[in-house]
Structure formats: C-alpha cells, structure tokens
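Q:
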Amino acid sequence: MTKDLRECRLEDLPGPKSKQELDEMRMPYEDYCKAVFAPGHEMSKPEALKGIRWLSTTMYIFTPHSVANLAELGAEVIKVEMPRMGDPMKHTSPFNEAYLYPLHDTRPMTGTGYGFTSANVNEYYLSMDYHLPEMKEAFYRLIKMSDGLTECYRPGTFDRWKQSYRFVQELNPRFIYVWGGGFGYGPKCFGGSYDILGQAHAGLASVTGMHEFMGGHCTKHSNWCIDWYSGTQITFGILAALHWRAKTGLGTMIEFSQVQAATRVLGHAAPMYGRFGIVRQRWGNWDTQLCVHGIILCGKSDFPDAINPQDKFEARYAMVSAFQDKDFKALCDVIKKPDMYSKYMKHKDRVEGEAQVDIYAELEDWAKDKSRAEVVRILQSEGLLCEPVMNDREVYESEHYRTRGTVRWMEDPLFGDVLVQGTYSAGLMSQTPRRQYWIWRPVGADNVKIYHEMLGYPISTVKEWYDKAWI
Amino acid sequence: MIEAKGLTPRQFLDKVLEPEKESDHICWQCEFLKPVIKGSSFPPADIIGWCMKIHWPYYWCVADFNVVKKCYVFKQKG
Amino acid sequence: MCDIIWCKKTQADGKPCETVNYLDPYCFWNWKGNINCAHCGTVYAIHMIQGHMYKGPDEQPAGTKPDTSPLYADKPLEGYINYPSGMEGRTRPFHCLPRHIYLGVPDMVKFSIRGKPLRGWRPQPKSAGIAGQFPYNWEMEKLSPEVAAEYKEKIAKGEVKEW
Ligand code: SF4
Ligand SMILES: [Zn+2]
Numbered sequence: 000m001t002k003d004l005r006e007c008r009l010e011d012l013p014g015p016k017s018k019q020e021l022d023e024m025r026m027p028y029e030d031y032c033k034a035v036f037a038p039g040h041e042m043s044k045p046e047a048l049k050g051i052r053w054l055s056t057t058m059y060i061f062t063p064h065s066v067a068n069l070a071e072l073g074a075e076v077i078k079v080e081m082p083r084m085g086d087p088m089k090h091t092s093p094f095n096e097a098y099l100y101p102l103h104d105t106r107p108m109t110g111t112g113y114g115f116t117s118a119n120v121n122e123y124y125l126s127m128d129y130h131l132p133e134m135k136e137a138f139y140r141l142i143k144m145s146d147g148l149t150e151c152y153r154p155g156t157f158d159r160w161k162q163s164y165r166f167v168q169e170l171n172p173r174f175i176y177v178w179g180g181g182f183g184y185g186p187k188c189f190g191g192s193y194d195i196l197g198q199a200h201a202g203l204a205s206v207t208g209m210h211e212f213m214g215g216h217c218t219k220h221s222n223w224c225i226d227w228y229s230g231t232q233i234t235f236g237i238l239a240a241l242h243w244r245a246k247t248g249l250g251t252m253i254e255f256s257q258v259q260a261a262t263r264v265l266g267h268a269a270p271m272y273g274r275f276g277i278v279r280q281r282w283g284n285w286d287t288q289l290c291v292h293g294i295i296l297c298g299k300s301d302f303p304d305a306i307n308p309q310d311k312f313e314a315r316y317a318m319v320s321a322f323q324d325k326d327f328k329a330l331c332d333v334i335k336k337p338d339m340y341s342k343y344m345k346h347k348d349r350v351e352g353e354a355q356v357d358i359y360a361e362l363e364d365w366a367k368d369k370s371r372a373e374v375v376r377i378l379q380s381e382g383l384l385c386e387p388v389m390n391d392r393e394v395y396e397s398e399h400y401r402t403r404g405t406v407r408w409m410e411d412p413l414f415g416d417v418l419v420q421g422t423y424s425a426g427l428m429s430q431t432p433r434r435q436y437w438i439w440r441p442v443g444a445d446n447v448k449i450y451h452e453m454l455g456y457p458i459s460t461v462k463e464w465y466d467k468a469w470i
Numbered sequence: 000m001i002e003a004k005g006l007t008p009r010q011f012l013d014k015v016l017e018p019e020k021e022s023d024h025i026c027w028q029c030e031f032l033k034p035v036i037k038g039s040s041f042p043p044a045d046i047i048g049w050c051m052k053i054h055w056p057y058y059w060c061v062a063d064f065n066v067v068k069k070c071y072v073f074k075q076k077g
Numbered sequence: 000m001c002d003i004i005w006c007k008k009t010q011a012d013g014k015p016c017e018t019v020n021y022l023d024p025y026c027f028w029n030w031k032g033n034i035n036c037a038h039c040g041t042v043y044a045i046h047m048i049q050g051h052m053y054k055g056p057d058e059q060p061a062g063t064k065p066d067t068s069p070l071y072a073d074k075p076l077e078g079y080i081n082y083p084s085g086m087e088g089r090t091r092p093f094h095c096l097p098r099h100i101y102l103g104v105p106d107m108v109k110f111s112i113r114g115k116p117l118r119g120w121r122p123q124p125k126s127a128g129i130a131g132q133f134p135y136n137w138e139m140e141k142l143s144p145e146v147a148a149e150y151k152e153k154i155a156k157g158e159v160k161e162w
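These protein sequences, in sequence, are chains U, D and Z.
Mapping of the first sequence onto numbering that gives the first Met the number 0: residues 0 to 470, in sequence order.
Mapping of the second sequence onto numbering that gives the first Met the number 0: residues 0 to 77, in sequence order.
Mapping of the third sequence onto numbering that gives the first Met the number 0: residues 0 to 162, in sequence order.
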C-alpha cells in the first residue's frame, strides 16, 4: 500500500497482476457468456427503453409487432383497442383451435386466439373509440404524455380524425409518429395490405417455391414472415428517430409501406434486372449462388412409428452445405461418385442450374435408403455441414435452445403456464435483455390504470364511458 | 376449350400461350421462348417474352426493339 | 383453371357413375398420367398442358394402377354426396389432416403439455373490476379450486415436469 492513499498502483488493485495471471483467471468463453447473458434472470436487469411511452393503435401482426419490440425492451406501451371487440387479430386462431378466455369482461364466452401471440407482449390494454369527438380530449392528452404512436389505418384516416402527424405535432413537437400500412402514398395509396399481399406484390412470392420446370408454383411462406419482418423494420426506424430526437429535440414521421419493405429482401433481383434484363426465378430448396448448399430428401423418416404426421412422414429432410472445393470433393467421396467431382471441380461449373439438378439428384439417390439421422451422421463425421430440418417439436426438445433460453416456459400472471419463443429468440443482450412479463391482457384491462390513475379522470366518468361503450 | 385434335403437345401449348406480339426474332421458332400472352397488361410493353435458356434458371427478358437473329443455343421447337 | 373428369362408367346396377372428380391446378397444371375416379375406381389417362386438357380422359383397362387421385369429388346429381380430400384410395392422401377434434370447437385444456395448470377455458368468471379491469393475478385456489385439486393430484402422480 502506498503512503499517499490517492495514489493507485496496479499491485494494490484486486484482480490479476500480470498478463499470465489474467489469462489464468479468465473464464472460458462459454462460461463467460452463460454468466453475462444468464437466460432466465432477465427480470433482475435494467430495461433499455424504460421511460419511453408509446401508443399503439394497431391491428393484426405487422404494426403491433413494431411496438411489441419496444415493449420487450422496456418501453411502456399502451395498446388502444376498439371497445368490447379488441384487435381483430384476437379473433383468429390456427384452425380455430386455441383460445384463451376471457376476451373482455362482458363476453365470457369469447376468447383471444393464439393468432395474437408474440405481437403484443407486455402492453397495457386500453379501450377507446378515438374517432368520437367525446373521446378526443383523452386521446390528445395521451399524445401529450407519450413519445410516439404507431397506427395502421388507411392513409389519411387519422388526418380526417384530426389526429395525424400534422395535428399531433402541434400538441407535442417531440412526438414520433408512425404510419405503417400497405402501399403508402402513391398511385395505389388506398390499397390496404396483409402479409400475403406484401409477399406477392413485392415480388417475393414469385421467387419462393420450386422452379417452374420442377412443377413449382409461386409460394407464400406459411407464416406471416413479412408482417414480422416489416414490423421489426419499423422498430429500427423508431429507435433511429429516438436517437435523432435526443440530438435535436424534434419528432419524426415514419411512413412505412409493407409491400415496399418486402422488396428489400430480394437481394440481387433489381440490380440484375437492371443490368441484363434478367428476371429472378424460384430455386426452391437449393441456392442460386452456392452449390452444394440446399435441402435434400432422405428415404426414411427418423420417426416412422410416430402418430404425428410431421414426425412420421416429414422427418426426412436434411440441409447439406459443401460448396468449397475441398468439401465438395469430400461429399462426392462419401456418396461414392468421384466422377461427379471431376465433372464439377470448379464452383463456377457446379453452381450452374443444370449442374445443380444433376448434383442434387445424385445426392437424393444416395440418401434414398437412409434415414435423415443416418445422412446427418455420415456427413457430419466427414466434417461437412449437415443438419436435420427440424419441426416445432424438435425445436422444443433442442438442448441448444434450452441452454440459450430461446424457447421457454413462463407463468403468465393471468393465463398460467405458456410456452413462448418470440421474445427470447430476438437476440441476447448482456445489460438490457428483452423479456416477457405477460403475453397479453383482456380488452380494456388497464382502463382504470390509464384513464383514472394516469390521466386523472374520476372513476364515475370512466364507468359512464364504459357503459356508453365509448371505452 | 382448345381443340387438341392433330396437334403435337408443343403446338397445343402454342395455342394456350397465344402471343401478344409479332416480330422477326428467331426466338419465335425456338423451344425456349415463353411469350407474353395475349391481353397481358403486365409486364412492360417492350418485351416479346422471356428466354428460358440463356440464363436458366433465371429468365431473360427478350426485348422487342433488339431483334435476336442468331443465337448460340437456339433449338427448333418440336 | 380447374378441369374435371365427369365419370360416366356404367355401374353394376346399369346406371352411369356420374361422379365429378376435381383436378386441382396445383397438381395437374402440367401433368400426364393415370388417375382414378373417386367413386367407382375407374382409371383414366389424361395429359394436361398449362392447365388445359390436351388428351383424355381415356378410360384404362380394369386393374390399371392410378398414379394419383383427384383432390375432391362429388355427385352433383345426387345432392350433396361428396368425397373430401384425404380419403385413402379415393381422393388424394393428405397426411397432415387437422386433428379429429377439428369441429370448429376450440380445444379447452386445463394443463399444458408439461402438466402445469393454465387458465383460459370458458366460461370465465366476470372480473371483479371496473370498466373491463382484471385487477388480479390468477390465484388458482380462489378462481378454480377444482383445477388446483387436480394439479395436486398430478404432482403426487409425478405427471408434472419441468420440460
Ligand atoms: S435460346 Fe436464343 S433463340 Fe431461343 S429464346 Fe433464347 S434467345 Fe431466343
Ligand atoms: Zn366413376
């Protein structure tokens, strides 16, 4: 210890004293990650967006998801729904199977469908018919107290109701206003949108599925991937707008067209057309730039005795990647087709369409008397990249995801035991991780909290509005 | 309904895909042309169709103003 | 575009079969092969080009094996008699059929697949709150004592797991 306590020497500090000691004390990377990310302990950490209040007058998946992203990161999100009805998405469930009751106080026999899952987590549920003149005051007061709003009505609707950016900017110049919808301004301004329209109109569906010569048709993804994707793109816009506001103090209007957003994921499509007049085509489970780099069908299912058809019939696909010369040679040796290697020694040659047809046919021919697991094991033992195409059950069983907390059970305060995957699949953060407090709440569940406790309306007024179905 | 009597599959297909345009391209005699069909308002007006061979599996837009007279992969349609 | 095969094959009772077999474009757009009538099993050869019937339907000798089956078939002259998709040997097999409970009635379960209780069946008690409020967490003992009791049994039987 030095005499002068203000002096600080390395030897006196706790921790390693030399580079060698440092290396000895350092945890293995794996342990370090487990410690800093600590899946399951998210709730004890701070939230990055705490202090941000966002209004969500959104429906379905696309715009709601843009806001759910904020709520998972700690923003206080108020979802404003139609009185007694709620978001239309609450009335959808895959094959009409799964509902959670109740939807609303007055409708004990109506439930909220699983279609609503993951797009509205952690939000407060307010009901309000904001287009009524009587409710304008409450709506404007919410605007003044919030940082932003996301809406999804036809372009100009909020303008007609005097609550578009032009109006709210006067109430709150720091306000960030998001319109998210189908086409945006332009010749098709009044077209609404769904995910399927985004996939179709943006040109995405035309390059999904098998090529025409294999009998393929344009295909939409079974899930609404463009809704989820576009919503996330809006969230980026919001975070950038918040950063800009921190610098300038001013709000922003974000106008986000879903059909436009989906063109971004088309990669080389437009530049290629612009240069040569070539139209990108579907290429199914293979790859246009790399070969071998695709999904093949194996002869036997891994679970021939399962009851679930997804296991019994479908557990037969494996993805294989061996596009480097060395890997491709190894692959050809495994499947005992060395002549295929001599024929397509250069990647330039094997990536050609005709070559791919040839190569994948040989691969599937080799796999036709093997199960998926056998194919994976054989190729992996040769050091090649090969993984089974997993279904939901296998994702649930996957030890990798359990370790990382990607898929996990949670106790929803209202609905009990729920298996969730959305929040925790969107990346880990050591300091301010995403988290899920509740999956959703019934329509108007937070009316008293917002109208009475936050805006200060007397309970009698809240009750009166409720009886008139204004809220 | 299209009368199939006496037509080869290819001749039948040509009737189904009745083209919008006429031109001097040799592509009209080629197996690999996929024509813009009659009455299409989409795609752009300045192509006669798509070549399914040259950039296969991608399709190449065959422009009407740039007449293809000679082609290294031309194949007489059957 | 959806073409059909209207089967007129004379049946044992001397009457024609009169079954309409639907050829959905997804499978038959460009297709050549044999297909069975969903009702009487007569096999027809067809060749479709670009969604149009180029050749056929031509009846094949008895015993010919069909390559595939129609998506769906019905007998329009006899009212609403039909063969929905997924009937082995008649219409095209479709393995991922909805579960047998698919009757438009939601499936109400009180326990998750790992055996822990979940709330959300109907009818639910109305909330005790104001204006749609749900001012409580779900306390199983109070809100659904019968589920709480069943849960205790499950724990005792070792039916509750972590995953
Ligand atoms: S292969 Fe040549 S001739 Fe045939 S369509 Fe293409 S460009 Fe025209
Ligand atoms: Zn018949």
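Where a beta carbon is used, it is the ideal one built from N, C-alpha and C, also for glycine.
1. Can you check whether the CB of U/SER145 is closer than 9 Å to the CB of U/HIS64?
2. Expressed to the nearest angstrom, what Euclidean distance is found between the alpha-carbon atoms of U/LEU99 and U/PRO38?
3. Between D/PHE73 and chain Z, is any beta-carbon pair separated by less than 9 Å?
4. Cβ of D/VAL61 within 8 Å of any heavy atom in ligand 4?
5. U/ALA500: buried (16+ other C-beta within 10 angstroms of its C-beta) or exposed?
6. Measuring only the C-alpha atoms, how far is Z/TYR150 from Z/GLY40?
7. Do you know whose CA, among U/LEU4, U/ALA47 and U/ASP11, lies nearest U/SER429's CA?
8. Using a strict less-than 6 Å threshold between each residue's beta carbon and the heavy atoms of ligand 2, what residues do you get?
9. According to DSSP, simplified to helix, strand and coil, what is U/GLU10?
10. Should D/LEU32 be flagged as near chain Z, meaning a C-beta pair shorter than 9 Å?
11. Rounding to the nearest angstrom, what Cα-Cα distance links Z/ASN29 and U/TRP285 in this structure?
12. Following a CB-centred definition, is D/LYS52 positioned closer than 8 Å to any heavy atom of ligand 1?
13. Using a Cβ cut-off of 9 Å (strictly closer), state whether U/GLY266 contacts chain D.
14. Check whether the stretch 146-155 of chain U touches the stretch 60-78 of chain U, taking contact to mean three or more Cβ pairs, one atom from each stretch, closer than 8 Å.
15. Assess, as a yes-or-no matter, whether the stretch 50-59 of chain Z is touched by the stretch 1-13 of chain Z under the definition of 3 or more beta carbon pairs within less than 8 Å.
16. Going by C-alpha distance, which of U/GLN323, U/VAL291, U/ASN222 and U/GLY180 is nearest U/GLN257?
17. By how many angstroms is the C-alpha of Z/GLY114 removed from the C-alpha of U/PHE255?
18. How big is the Cα-Cα spacing for U/TYR436 and U/VAL264?
19. Could you give the C-beta distance for U/GLY276 and U/GLY215, rounded to a whole number, given that I count them as a contact under 8 Å?
20. What does DSSP give as the partner residue(s) for U/LEU384 in the beta ladder?
21. Considering only the alpha carbon of each residue, which of U/LEU21, U/LYS246 and U/TYR228 lies closest to U/GLN198?
22. Please list, in chain order, the chain U residues whose beta carbon lies closer than 8 Å to that of Z/ASN29.
23. Leaving aside the five residues before and after U/TRP408 along the sequence, list all residues of the same chain whose C-beta is less than 6 Å from its C-beta, in chain order.
24. Excluding five sequence neighbours on each side, which residues of the same chain lie with their C-beta closer than 7 Å to the C-beta of D/THR105?
25. So which residues on chain U does Z/PRO116 lean against when the C-beta distance must stay under 9 Å?
26. Among all the DSSP beta bridges, which residues are the ones paired with Z/LYS74?
27. How about D/ILE25 and D/LYS68: are their beta carbons less than 9 Å apart?
28. Can you list, in chain order, the residues of its chain whose CB lies under 8 Å from that of D/VAL61, leaving out five sequence neighbours each side?
29. Using a C-beta cutoff of 9 Å, does Z/ALA130 count as contacting chain U?
30. Please list the terminal residues of the continuous beta strand (DSSP E) segment that includes U/HIS292.
31. Thinking just about the alpha-carbon of each residue, which of U/MET252, U/LYS246 and U/THR460 is nearest to the one in U/TRP178?
32. With respect to 8 Å, is the separation between the Cβ of D/GLU30 and the closest non-hydrogen atom of ligand 1 below this value?
33. Does the distance from the C-beta atom of U/LEU384 to that of U/ASP326 stay below 9 Å?
34. Three-state secondary structure (DSSP) at U/HIS200?
35. Spatial neighbours of U/SER300 within its chain, please: C-beta separation below 8 Å, excluding the five flanking residues on both sides.
36. Could I get the ranges of all uninterrupted beta strand (DSSP E) runs contained in the stretch 164-191 of chain U, with 3 residues as the minimum, in chain order?
A: The relevant details are as follows:
1. Translated into positions along the first sequence, residue 64 of chain U becomes position 65. Translated into positions along the first sequence, residue 145 of chain U becomes position 146. Their beta carbons are not under 9 Å apart, which means U/HIS64 does not touch U/SER145 by this criterion.
2. Here residue 99 of chain U corresponds to residue number 100 of the first sequence, with the count starting at 1. Here residue 38 of chain U corresponds to residue number 39 of the first sequence, with the count starting at 1. One C-alpha to the other measures close to 27 Å.
3. Within the second sequence, numbered from 1, the residue matching residue 73 of chain D stands at position 74. Chain Z contact via Cβ: absent.
4. For the structure depicted, ligand 4 is absent and the ligand set comprises only ligand 1 and ligand 2.
5. With chain U running from 0 to 470 in the structure shown, residue 500 of chain U is simply not present.
6. Residue 150 of chain Z sits at position 151 when you count from the first residue of the third sequence. Residue 40 of chain Z sits at position 41 when you count from the first residue of the third sequence. One C-alpha to the other measures close to 53 Å.
7. As a working note, residue 429 of chain U is residue 430 in the first sequence. If we check each option's Cα against that of U/SER429, U/ALA47 comes out closest.
8. Z/CYS6, Z/LYS8, Z/CYS16, Z/THR18, Z/CYS36, Z/HIS38, Z/CYS39 and Z/THR41
9. By one-based count along the first sequence, residue 10 of chain U stands at place 11. Of the three classes helix, strand and coil, the one that applies to U/GLU10 here is helix, per DSSP.
10. Indexing the second sequence from 1 puts residue 32 of chain D at position 33. Not one chain Z Cβ lies under 9 Å of D/LEU32.
11. Working through the third sequence from its first residue, we reach residue 29 of chain Z at position 30. Working through the first sequence from its first residue, we reach residue 285 of chain U at position 286. Approximately 22 Å, taken between the alpha carbons.
12. The residue you call residue 52 of chain D lines up with position 53 of the second sequence. Yes, Cβ of D/LYS52 sits closer than 8 Å to a heavy atom of ligand 1.
13. Position 267 of the first sequence holds residue 266 of chain U. Chain D, which has no Cβ nearer than 9 Å to the Cβ of U/GLY266, makes this no.
14. yes
15. yes
16. Walking along the first sequence from the start, residue 257 of chain U turns up at place 258. The shortest Cα separation from U/GLN257 among U/GLN323, U/VAL291, U/ASN222 and U/GLY180 belongs to U/GLY180.
17. Residue mapping note: residue 255 of chain U aligns to position 256 of the first sequence, counting from 1. Residue mapping note: residue 114 of chain Z aligns to position 115 of the third sequence, counting from 1. The straight-line gap from Cα to Cα measures roughly 43 Å.
18. Residue 436 of chain U sits at position 437 when you count from the first residue of the first sequence. Residue 264 of chain U sits at position 265 when you count from the first residue of the first sequence. Cα-Cα distance, rounded: 32 Å.
19. Indexing the first sequence from 1 puts residue 276 of chain U at position 277. Indexing the first sequence from 1 puts residue 215 of chain U at position 216. The Cβ separation is near 23 Å, so there is no contact.
20. By 1-based counting over the first sequence, the position of residue 384 of chain U is 385. DSSP lists U/SER320 as partners of U/LEU384.
21. As a working note, residue 198 of chain U is residue 199 in the first sequence. Checked all of U/LEU21, U/LYS246 and U/TYR228; the closest Cα to U/GLN198 is U/TYR228.
22. Here residue 29 of chain Z refers to the residue found at position 30 when the third sequence is read from its first residue. Ordered by position in chain U, the residues that pass the 8 Å Cβ test against Z/ASN29 are GLY214.
23. Here residue 408 of chain U is taken as the residue at index 409 of the first sequence, counted from 1. Within the same chain, U/TRP408 has close Cβ partners LEU418.
24. With chain D represented from 0 up to 77, any question about residue 105 of chain D goes unanswered, as that position is not in the structure.
25. To locate residue 116 of chain Z, count along the third sequence from 1; it is residue 117. Within 9 Å Cβ-Cβ: GLY415 and ASP416.
26. Working through the third sequence from its first residue, we reach residue 74 of chain Z at position 75. Z/ILE80, per the DSSP bridge assignment.
27. Residue numbering aside, residue 25 of chain D sits at position 26 when the second sequence is read from its first letter. Residue numbering aside, residue 68 of chain D sits at position 69 when the second sequence is read from its first letter. Yes. Within cutoff.
28. Numbered from 1 along the second sequence, position 62 holds the residue referred to as residue 61 of chain D. So the qualifying residues of the chain are HIS24, CYS26, LEU32, ILE46, ILE47, GLY48, TRP49, CYS50 and VAL67.
29. Start at 1 with the first residue of the third sequence, and residue 130 of chain Z comes out as number 131. Closer than 9 Å: yes.
30. As a working note, residue 292 of chain U is residue 293 in the first sequence. Counting along the chain, the beta strand (DSSP E) containing U/HIS292 begins and ends at 292-296.
31. Reading the first sequence from its first residue, position 179 is the one you call residue 178 of chain U. Closest option to U/TRP178, Cα to Cα, is U/MET252.
32. The sequence position of residue 30 of chain D within the second sequence is 31, counting from 1. It does: the Cβ of D/GLU30 is within 8 Å (strictly closer) of some heavy atom of ligand 1.
33. Here residue 384 of chain U is taken as the residue at index 385 of the first sequence, counted from 1. Here residue 326 of chain U is taken as the residue at index 327 of the first sequence, counted from 1. Contact: yes.
34. Position 201 of the first sequence, counting from 1, holds the residue named residue 200 of chain U. Helix, per DSSP.
35. Residue mapping note: residue 300 of chain U aligns to position 301 of the first sequence, counting from 1. Result list for U/SER300: ASP310, LYS311, PHE312, GLU313, ALA314, ARG315, SER370 and ARG371, in chain order.
36. 175-180
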